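Chemist: The structure follows.
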Amino acid sequence: ALVNNFCGVTGIQAVKEIMRPEYAEAENDDQKTPQALFSEEHEALRSMGEKWMTKTAESCALVATLIATVAFSATFQLPGAVDSKGSPILVKKACFVIFAISDAISLFTSTASILMFLSILTSRYAERDFLKS
Numbered sequence: 001a002l003v004n005n006f007c008g009v010t011g012i013q014a015v016k017e018i019m020r021p022e023y024a025e026a027e028n029d030d031q032k033t034p035q036a037l038f039s040e041e042h043e044a045l046r047s048m049g050e051k052w053m054t055k056t057a058e059s060c061a062l063v064a065t066l067i068a069t070v071a072f073s074a075t076f077q078l079p080g081a082v083d084s085k086g087s088p089i090l091v092k093k094a095c096f097v098i099f100a101i102s103d104a105i106s107l108f109t110s111t112a113s114i115l116m117f118l119s120i121l122t123s124r125y126a127e128r129d130f131l132k133s
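FYI, full-length UniProt numbering numbers position 67 of the sequence shown as 67, with every residue one higher than the one before it.
Right, dumping it as structure tokens:
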């Protein structure tokens, strides 16, 4: 449904580019412009696309939040013990460095994902929003 709506929206944009400008605002017998008629006929597709995007974003945001939670807790509970100075014993081991870098990357990317999914959830889902990817 979302692909059909995208194709429809891009199709009407292509038609607008090749037709004369005064026709874009012309009204039919029912006093509707081409854009208004298109919006009316594709309302069901827009609604289905909105529901699909919302459901997908909610699911992915949940997973990203779980990953961020684990990565955040792993930042403060490092594997191994600490010496008398408070430094991790494993700090000079290559595996520990790889773990710390991987944890930082996962925390950053999951937080960025959460923000992206929140922007999808707060979107207006207007027709022109389906043109942006």
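Even glycine gets a Cβ: it sits at the ideal position worked out from N, Cα and C.
On a predicted model such as this, the values are computed, not experimentally measured, just so you know.
Alpha carbon to alpha carbon, how far is glutamate 43 from valine 91?
Modeler: Cα-Cα distance, rounded: 58 Å.
Chemist: Nearest to isoleucine 67 by alpha carbon, out of Pro21, Leu107, Ser84 and Gln13?
Modeler: Nearest of Pro21, Leu107, Ser84 and Gln13 to isoleucine 67, Cα basis: Leu107.
Chemist: Starting from valine 82, follow its DSSP beta bridges and name the residues at the other end.
Modeler: Paired residues: Pro88.
Chemist: I'd like to know if the region 43-54 and the region 79-98 are in contact, where contact means that at least 3 CB-CB pairs between them fall below 8 Å.
Modeler: No: fewer than three Cβ pairs fall under 8 Å.
Chemist: Indicate whether threonine 69 and aspartate 103 have their beta-carbon atoms separated by less than 9 Å.
Modeler: Going by C-beta atoms, threonine 69 is not nearer than 9 Å to aspartate 103.
Chemist: State the Cα-Cα distance for the pair valine 97 and alanine 81, rounded to the nearest angstrom.
Modeler: Rounded to whole angstroms, valine 97 to alanine 81 spans 15 Å at the Cα level.
Chemist: Identify whether arginine 46 lies in helix, strand or coil by the three-state DSSP scheme.
Modeler: Of the three classes helix, strand and coil, the one that applies to arginine 46 here is helix, per DSSP.
Chemist: Is leucine 45 buried or exposed, if buried means 16 or more other CB atoms sit within 10 Å of its CB?
Modeler: Buried, since its Cβ has 16 or more Cβ neighbours within 10 Å.
Chemist: Kindly indicate the opening and closing residues of the alpha helix (DSSP H) around tyrosine 23.
Modeler: 21-24 is the span of the alpha helix (DSSP H), which, as asked, contains tyrosine 23.
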